[in-house]
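Every position in the sequence shown, counted from 1, becomes a number in this note's numbering once 346 is added.
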Amino acid sequence: MSTILTYIAITDGKIKRSSLEVLSHCKKIGDAAGHTVEAVLIDANASSFVEGIQKYGASKIHVVEDPVFTNHMNTPLLKALAKVMEKVNPAVFAFASTESTKDILGALAANQDAAVIADVSSFELSPNGVKAKRPVMAAKIMANAEAISDRVIVSVRSGSYDLNESPASAEVISVDFSMDENEVKATLKEIISATGDTVDLNEAEAIVAAGRGIKDDEGKALVAELASILNAGIGASRALTESGVYDPSLQIGQTGKVVSPQLYIAVGISGAIQHVAGMTNSKVIVAINKDPDAPIFEVADYGIVGDLYKILPPFIEEIKKIKS
Ligand SMILES: Cc1cc2nc3c(=O)[nH]c(=O)nc-3n(C[C@H](O)[C@H](O)[C@H](O)COP(=O)(O)OP(=O)(O)OC[C@H]3O[C@@H](n4cnc5c(N)ncnc54)[C@H](O)[C@@H]3O)c2cc1C
């Protein structure tokens with residue numbers, strides 16, 4: 347019997363949903379193969395998040411708590427992850443594929459002499475390690491990858507798995523950690539949000555994305571109102587980020603963010619391959635476009651053909667009615 351370890355990422359004082367998706371999947375495949383599933387929390391207030399992950403079935407939760415983890419910094423995070431990895435010696439160490447994870451995954455693999463497969467959309471245990479599906483070439487191609495090693499690190503795109511509760515009373519293990527100030531060569535002073543937007547597109551359950559069909563402030567206001575009533579993040583096609591209508595950080599696609607919310611509403615977006623590469627993993631896709639032949643309808647679950655300026659007002663009113 348071996349161990350599958352899952353890293354639970356904390357951002358802005360919250361557990362990242364995508365980490366819990368990965369833990370849910372690890373619990374499922376771990377139970378099926380007779381492996382134990384454990385989790386690791388690393389944060390300045392790590393112990394306060396233990397309760398939030400108890401219900402996802404880990405048998406042990408390793409807690410690394412130190413003020414050095416107040417902001418993300420590669421050096422201390424890498425040191426803590428390596429320490430826990432050495433202690434637990436997992437057959438698989440699974441992460442949600444976040445910006446911070448991307449920063450340290452290669453270094454951790456080198457440090458721990460482990461194989462690594464990054465940014466997969468699914469993975470399973472194989473007799474020799476881990477088999478995974480990995481979208482490549484702007485998600486046009488799905489690569490089947492296999493890591494052959496008795497220690498495999500894998501990172502998983504958000505939205506790849508559903509949350510699945512599986513209550514267990516986990517043993518909480520406090521991990522000793524200290525870091526000499528001299529070891530930390532770079533410090534992070536402040537994080538300033540480029541947009542002031544509170545909904546992180548990587549974690550958003552719903553996204554309303556605007557394309558060139560949005561022509562003016564009236565259109566932007568309709569997108570903002572729809573996003574607000576759905577508690578959704580606002581995204582945009584490159585047509586609107588390049589023209590300065592929306593901040594570049596909101597661009598979705600091949601050269602923007604790759605997102606996978608439960609609901610993606612594409613408003614006035616044609617569905618160019620470079621845009622679709624960033625949102626095709628969304629659970630339910632709704633497209634509003636006046637051109638019935640727009641390629642976005644090929645990936646949409648629901649399509650509304652018509653002028654968005656006429657469609658959105660009654661659409662918003664209906665949602666308001668349902669919500670009240
Ligand atoms: C290397 C490379 C990388 C790229 N990376 C990205 C990327 O990351 N993300 C990205 O988005 N793009 C990217 N692009 C650009 C991409 O090819 C498209 O040009 C872009 O996605 C088009 O944006 P759009 O759909 O908003 O605009 P358009 O293609 O102009 O489509 C506008 C749509 O709005 C509809 N419309 C217009 N008016 C209305 C109305 N009143 N009501 C309803 N519908 C209406 C039209 O029918 C049309 O389908 C990239 C391109 C290259 C070459």
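Note that CB positions come from ideal geometry on N, CA and C, so glycine has one too.
Please read all numbers here as calculations on a predicted model, not as lab measurements.
Any non-hydrogen atom of ligand 1 within 7 Å of residue i CB
{"i": "Ser-755", "result": "As shown, the chain starts at 347 and ends at 670. That puts residue 755 outside it, with no answer to give."}
{"i": "Lys-636", "result": "yes"}
{"i": "Gly-649", "result": "no"}
{"i": "Ile-598", "result": "yes"}
{"i": "Ala-343", "result": "Limits of the chain in this structure are 347 at one end and 670 at the other, which puts residue 343 out of reach."}
{"i": "Ala-585", "result": "yes"}
{"i": "His-621", "result": "yes"}
{"i": "Thr-626", "result": "no"}
{"i": "Gly-579", "result": "no"}
{"i": "Asp-653", "result": "yes"}
{"i": "Gly-590", "result": "no"}
{"i": "Ala-633", "result": "no"}
{"i": "Ala-640", "result": "yes"}
{"i": "Gly-403", "result": "no"}
{"i": "Gly-557", "result": "yes"}
{"i": "Thr-601", "result": "yes"}
Inter-residue Cα distance where the pair is residue i and residue j
{"i": "Asp-449", "j": "Asn-420", "result": "7 Å"}
{"i": "Val-622", "j": "Asn-391", "result": "38 Å"}
{"i": "Ser-446", "j": "Glu-432", "result": "21 Å"}
{"i": "Leu-576", "j": "Lys-629", "result": "16 Å"}
{"i": "Glu-529", "j": "Glu-664", "result": "57 Å"}
{"i": "Thr-587", "j": "Gly-602", "result": "10 Å"}
{"i": "Glu-517", "j": "Val-434", "result": "14 Å"}
{"i": "Pro-413", "j": "Lys-566", "result": "41 Å"}
{"i": "Ile-388", "j": "Lys-667", "result": "42 Å"}
{"i": "Gly-333", "j": "Val-604", "result": "Since the displayed the chain opens at 347 and closes at 670, residue 333 lies outside it and no answer follows."}
{"i": "Val-430", "j": "Ala-612", "result": "42 Å"}
{"i": "Ala-478", "j": "Ala-552", "result": "26 Å"}
{"i": "Thr-533", "j": "Lys-425", "result": "15 Å"}
{"i": "Val-545", "j": "Gln-600", "result": "21 Å"}
{"i": "Pro-436", "j": "Ser-583", "result": "41 Å"}
{"i": "Glu-549", "j": "Ala-585", "result": "23 Å"}
{"i": "Ile-580", "j": "Phe-469", "result": "30 Å"}
{"i": "Leu-609", "j": "Asn-474", "result": "37 Å"}
{"i": "Ser-467", "j": "Arg-480", "result": "6 Å"}
{"i": "Ile-499", "j": "Lys-374", "result": "18 Å"}
{"i": "Asp-653", "j": "Lys-531", "result": "54 Å"}
{"i": "Pro-641", "j": "Asn-627", "result": "16 Å"}
{"i": "Pro-660", "j": "Ser-512", "result": "41 Å"}
{"i": "Ala-573", "j": "Phe-441", "result": "29 Å"}
{"i": "Ser-370", "j": "Gln-620", "result": "31 Å"}
{"i": "Ser-520", "j": "Ala-489", "result": "39 Å"}
{"i": "Glu-644", "j": "Ser-616", "result": "11 Å"}
What beta strand (DSSP E) runs, 3 residues minimum, are completely inside the region 350 to 399?
Here the runs fully enclosed are 382 to 389.
Note down, one range per segment and in chain order, each beta strand (DSSP E) of at least 3 residues found wholly within the region 430 to 518.
438 to 442, 461 to 466, 468 to 472, 475 to 482, 487 to 494, 498 to 502
Could you check whether the region 489 to 504 touches the region 392 to 406, counting it as contact only if at least three pairs of C-beta atoms, one from each stretch, sit closer than 8 Å?
Touching, no.
Counting only runs that start and end within the region 622 to 658, where is the beta strand (DSSP E) found for 3 or more residues in a row?
Within the region 622 to 658, the runs of beta strand (DSSP E) at least 3 residues long that lie entirely inside it are, in chain order, 630 to 635, 648 to 651.
Tell me, please, whether the region 448 to 468 touches the region 482 to 493 by the rule of three or more beta-carbon pairs shorter than 8 Å.
yes
Given 8 Å as the limit, is there contact between the region 376 to 388 and the region 399 to 411, that is, 3 or more CB pairs closer than that?
Taking one beta carbon from each stretch, the region 376 to 388 and the region 399 to 411 have 3 or more pairs nearer than 8 Å; the two touch.
Would you mind listing the beta strand (DSSP E) stretches within the region 524 to 598 that are 3+ residues and don't spill past its ends, in chain order?
Runs found: 552 to 556, 579 to 582.
Give the list of continuous beta strand (DSSP E) stretches no shorter than 3 residues that lie fully inside the region 402 to 429.
406 to 411
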